[in-house]
Amino acid sequence: MNILIALLPALGWGLMPLVTGKVGGSPTNQIFGIGAGTTIIGLIVFAITRPAVDGKAFLFALVCGALWTIGQIGQFISFKRIGVANTYPLSTVFQLVGNSILGVLIFGDWKGTQSKVIGFIALLIVISGALLTSVSDQKDGKITLKDSLFLLVTTVGYWIYSSFPNIPIIKAQSGTSIFLPEMLGILVGAVIFGLFTDRKSFTQKEQYLNIFAGLIWGIAALSYIYSAQANGNTSAFIWTQLSVVIATFGGIAVLHEHKSHREMMYTIAGIVLIVLGSIATSFA
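Convert by adding 212 to the 1-based position in the sequence shown; the result is the number in the numbering used here.
Below, the structure written as structure tokens:
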């Protein structure tokens, strides 16, 4: 049962970009769908568990959820530009490297020389994997520096979201107590983005069909809370890395993103390195 719970976050987070890709619509449609769907899950969880939450923690979680949308919007735009199969591995690497560096510099992770050596070697393995997945035989299929920098800059939203559980006021709360404000924050961020970029999106059917992807993401996020409790943070994190496998090969098989035989071989090798490197960082 614990393994099933551990697999749900990877499955949900890996399937989400495939569902939004099939539904279609603009990044504005897609991020609203995620925000609305996750909020529905958050309200259901709140109604069932009735958790107590500090007012300041609630507001802090709300803001962090809104900032998370920066990272997800960056992903959605990149899906359009370079495809899911190219975006997801690169985004995974940016998240892992950034979170690891912030953990070392700010939160005191990887204490001791041995841990730091293991950690940074693992990051080099992950980066090598990302370089392999970006290999392209077509001039118009290459991931440009502009594409990479855009994804890197927007990943800041993910870094903030991933770091906030280390803040003392959040540590004092249970995972379920801050779940609803996080999800509400995602919806708030999505609505603000829509109001400033494309107000017509609120009348488009894709805006609401993408809620199905949001429900999947929300269930995955909730499952991760219970996976961490049942399996421990390290094991829960390791299992989530399978999402990059699902999203990458799903983009090729389900969304029909073309890769030549040579590109596919490099992609497989790169994904293996990303997963292995991600696992290694958890032991640093």
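A virtual CB, placed ideally from N, CA and C, is assigned to each residue, including glycine.
- Tell me which same chain residues have a C-beta within less than 8 Å of the C-beta of residue 274, skipping the five on either side of it? If you ignore the 5 residues before and after residue 274, its C-beta comes within less than 8 Å of the C-beta of 393, 394, 396, 397, 400, all in its own chain and listed in chain order.
- Query: What residues in its chain sit with their C-beta under 7 Å from that of residue 270, if we drop five residues either side in the sequence?
  - Reply: 393
- Going by the beta-carbon positions, is the gap between residue 425 and residue 245 smaller than 8 Å? yes
- Message: If we require 4 or more residues per run, which alpha helix (DSSP H) segments fall completely within the segment 319-370?
- Response: 325-345, 357-366
- Item | Under the three-state DSSP convention, the category residue 263 falls into | coil
- Message: Just to confirm the assignment, what range does the alpha helix (DSSP H) spanning residue 316 have?
- Response: 296-317
- Item | Minimum C-alpha distance to residue 432 - residue among 310, 364, 451 | Answer by Cα proximity: 451.
- Return the CA-CA distance between residue 376 and residue 477, expressed in angstroms with no decimal places. Answer to the nearest angstrom: the Cα atoms are 37 Å apart.
- Query: What first and last residue would you give for the alpha helix (DSSP H) that runs through residue 435?
  - Reply: DSSP places residue 435 in the uninterrupted alpha helix (DSSP H) bounded by 423-443.
- Item | Pairwise C-alpha distance: residue 315 and residue 344 | 26 Å
- Query: Would you call the CB atoms of residue 308 and residue 458 closer than 8 Å?
  - Reply: no
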